[in-house]
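Taking it in order: structure first as structure tokens, then the write-up.
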Amino acid sequence: MTPIGTMVHYVLPDGPERVHGQCRPGILVHPLPHDFATLVVFRNGPMDGADHPVVEWIATTEHSPRHEFGTWHLLDECAHERADA
Ligand SMILES: [Zn+2]
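To convert a position in the sequence shown, counted from 1, into our numbering, add 1483.
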């Protein structure tokens, strides 16, 4: 189980269409069974949608290294980070 306080990425499933699939940083605040977790996610301000708060609580999201919308992954699993390396 991933420890509380781990920095993770959350794959945006909403907001303006151009940001769908982009990663945003989050902190794992509550691990759940089967690699689900509750996160607090930091959005890119109004660029990620004026109707979303900059800091957002995501109640239940699934771990996936495959970057499906609305899932989380560890920084080491991030395809975007690897592409930039
Ligand atoms: Zn990522």
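All C-beta atoms in this analysis are idealised placements derived from N, C-alpha and C, irrespective of residue type, glycine included.
field: C-alpha distance - Pro1536 paired with Arg1507, whole-angstrom precision
entry: Rounded to whole angstroms, Pro1536 to Arg1507 spans 13 Å at the Cα level.
query: Where do the N-terminal and C-terminal ends of the beta strand (DSSP E) with Leu1481 fall, by residue?
result: The structure shown has nothing for residue 1481, since the chain only spans 1484 to 1568.
Assigned secondary structure, Val1524 (DSSP; H/G/I helix, E/B strand, else coil): Strand.
- prompt: Going by beta carbon distance, what residues of the same chain come within less than 6 Å of Phe1519, once the five residues before and after it are set aside?
  reply: Counting only Cβ-Cβ distances below 6 Å, and skipping sequence neighbours, we find Thr1543 and Glu1545.
field: Selection from His1492, His1563, Leu1495 and Pro1486 that minimises the alpha carbon distance to Leu1515
entry: Comparing Cα positions, the closest option is Pro1486.
task: Decide if Leu1511 is buried, meaning its Cβ has at least 16 other Cβ atoms within 10 Å, or exposed.
output: Burial call: buried.
task: Spatial neighbours of Gly1528 within its chain, please: CB distance less than 6 Å, with the 5 preceding and 5 following residues excluded, ordered by chain position.
output: In the same chain as Gly1528, and ignoring 5 residues on each side of it, the C-beta atoms closer than 6 Å to its own belong to Val1537, in chain order.
field: Proximity to Thr1489 [Cα-Cα], best of Leu1495, His1556 and Cys1561
entry: From the listed residues Leu1495, His1556 and Cys1561, the smallest Cα separation to Thr1489 is found for His1556.
query: What residue does the beta strand (DSSP E) around Thr1490 start on, and which one ends it?
result: The question names Thr, but residue 1490 is Met in the sequence shown. Segment Met1490 to Val1494, the beta strand (DSSP E) holding Met1490.
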